[in-house]
Amino acid sequence: MKVWTRILLLAIGLPLAMPVVAGEFSVKKTKAGVTVNYDGKLFTRYVVGQSNKPYLWPIIGPSGDEVTRAFPMEKREGERHDHPHHRSFWFGHQGIGGFDTWHEPASGRRTKLGSTVHREFVKVQGGKSAVIVTRNDYVGDGKKLLADERTHVFRAENGQRIIDVTVRFIAEHGDCVLGDKKDAGFSVRVATSMDVDSKKGGRLINSHGVTDRAAWGKRAEWVDYHGPVNGKTVGVAILNHPSSFRHPTPWHVRTYGLFTANPFGLKSLGQGKDGAYTLKKGKSLTLRHRVIFHLGDEKAAKIAEAYKAYAAEK
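So in our numbering, the last spot in the sequence shown is 332, and the numbers never skip.
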């Protein structure tokens, strides 16, 4: 009967239902890092060796537009050209073993500048998702201070682009103090047109409903930053997993577009006590976040529901 039904549908010109094929990720190593494509089109690049830290740029959201600032990698008209150390999507810390891996020489901060040096790619894989695993060394005055292993998992689901980021810090070279600094943590710098200060409709809101300037220094399970890019409302949400160090993290979020989950700067972010943490030799600590690139605001993207699902993951 099924065969005759198919023949009849074809005979009267009705289309047969086609299976939905999930998109594929492909990855390619280059001299500057790894390029990640989704369905043959650029999603992002993992960049190494171009500054004092690895970073992702550009990042193409589900609308097909770039959702992070291009500066300082590329100077574009209409963008803010402040804070040349804000490289799209990165981790930095102003006080790792007394050295600053947040700022760069171009920032005008030249005292005890350190660097996060790419050591090796452990895994680079495409498929239904893409995976990049790296090892890195935090270096100051030529001395290795700390190591990390970073895992980035790239996915596309329900019309959204998702990057899961796990950073495991390892005290391979002795005790290492992670200082209480305002400028520290996992960060995104959103496209200038999205930021609140551009007054084009940009807004940031946290999981407790606190918005814009009032969200600075507050602890929250997630923060969403959304606004217009090329006439479309798009957003970036960072979710802080319950297993992440000092969850729920305080947030160093700014209305000019900076977006940082900072569990280290407790006193610096108005949380009272000194947050400096000594990681003992041989020990590790982990930061774990999910970044969702979406259309619309946090309600349209169902970020609260997405957080519940993420929090339930082990």
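Cβ atoms here follow ideal geometry from the backbone N, Cα and C, with glycine treated the same way. From a predicted model like this one, the values you see are computed outputs, not experimental measurements.
Residue i, buried or exposed, once every other Cβ within 10 Å from all chains shown has been counted against 16
i, result
"residue 154", "buried"
"residue 198", "buried"
"residue 261", "exposed"
"residue 60", "exposed"
"residue 70", "buried"
"residue 57", "exposed"
"residue 143", "exposed"
"residue 118", "buried"
"residue 280", "buried"
"residue 48", "exposed"
"residue 217", "exposed"
"residue 95", "exposed"
"residue 318", "exposed"
"residue 330", "exposed"
"residue 283", "buried"
Residue i versus residue j - alpha carbon distance
i, j, result
"residue 247", "residue 201", "27 Å"
"residue 185", "residue 305", "5 Å"
"residue 139", "residue 240", "29 Å"
"residue 179", "residue 126", "35 Å"
"residue 258", "residue 225", "11 Å"
"residue 334", "residue 238", "Residue 334 is absent from the model: the chain starts at 19 and stops at 332."
"residue 207", "residue 106", "5 Å"
"residue 229", "residue 160", "42 Å"
"residue 234", "residue 269", "6 Å"
"residue 250", "residue 115", "43 Å"
"residue 301", "residue 166", "11 Å"
"residue 285", "residue 266", "15 Å"
"residue 328", "residue 232", "25 Å"
"residue 168", "residue 183", "7 Å"
"residue 287", "residue 303", "21 Å"
"residue 39", "residue 332", "Per-residue confidence for residue 39 stands at a pLDDT of 45, beneath the threshold of 50, marking its modelled position as unreliable; no derived number is given."
"residue 152", "residue 289", "32 Å"
Residues near residue i in its chain [Cβ-Cβ closer than 6 Å; skip 5 each side]
i, result
"residue 382", "Only positions 19 to 332 of the chain appear in this structure, which leaves residue 382 out of reach."
"residue 76", "84"
"residue 113", "197 and 199"
"residue 150", "52, 64, 142 and 170"
"residue 220", "212, 213, 214 and 245"
"residue 124", "102"
"residue 162", "155 and 191"
"residue 91", "75"
"residue 136", "66, 72 and 154"
"residue 295", "196"
Residue interval of the alpha helix (DSSP H) (run including residue i)
i, result
"residue 310", "Per DSSP, residue 310 belongs to no alpha helix (DSSP H); it is in the beta strand (DSSP E), 302-313."
"residue 321", "321-329"
Range of the contiguous beta strand (DSSP E) that encloses residue i
i, result
"residue 182", "178-188"
"residue 98", "First-last for residue 98: undefined, no H or E at that position."
"residue 208", "Neither: residue 208 is in no beta strand (DSSP E) and is coded neither H nor E."
"residue 166", "161-175"
"residue 17", "Residue 17 falls outside the range modelled here, since the chain spans only 19 to 332, and no answer is possible."
"residue 110", "107-111"
"residue 224", "221-224"
"residue 138", "133-143"
"residue 76", "73-77"
"residue 276", "276-279"
"residue 4", "Outside the modelled stretch of the chain, which goes from 19 to 332, sits residue 4, for which no answer is possible."
"residue 62", "59-65"
Contacts around residue i, its chain only, beta-carbon distance under 8 Å, and the 5 residues preceding and following it disregarded
i, result
"residue 192", "299"
"residue 316", "223, 242, 244, 253, 255 and 322"
"residue 274", "98, 100, 213, 214 and 215"
"residue 50", "63, 65, 66, 67 and 68"
"residue 236", "224, 226, 228, 268 and 269"
Rounded distance between the beta-carbons of residue j and residue i, thought under 8 Å
i, j, result
"residue 271", "residue 181", "At roughly 18 Å, the Cβ-Cβ gap does not stay under 8 Å, so residue 271 and residue 181 are not in contact."
"residue 297", "residue 189", "4 Å"
"residue 157", "residue 132", "6 Å"
"residue 67", "residue 205", "At roughly 19 Å, the Cβ-Cβ gap does not stay under 8 Å, so residue 67 and residue 205 are not in contact."
"residue 129", "residue 209", "Not a contact, Cβ separation roughly 31 Å."
"residue 313", "residue 81", "6 Å"
Beta-carbon contacts of residue i that lie in its chain and below 7 Å, excluding the five residues immediately before and after
i, result
"residue 320", "none"
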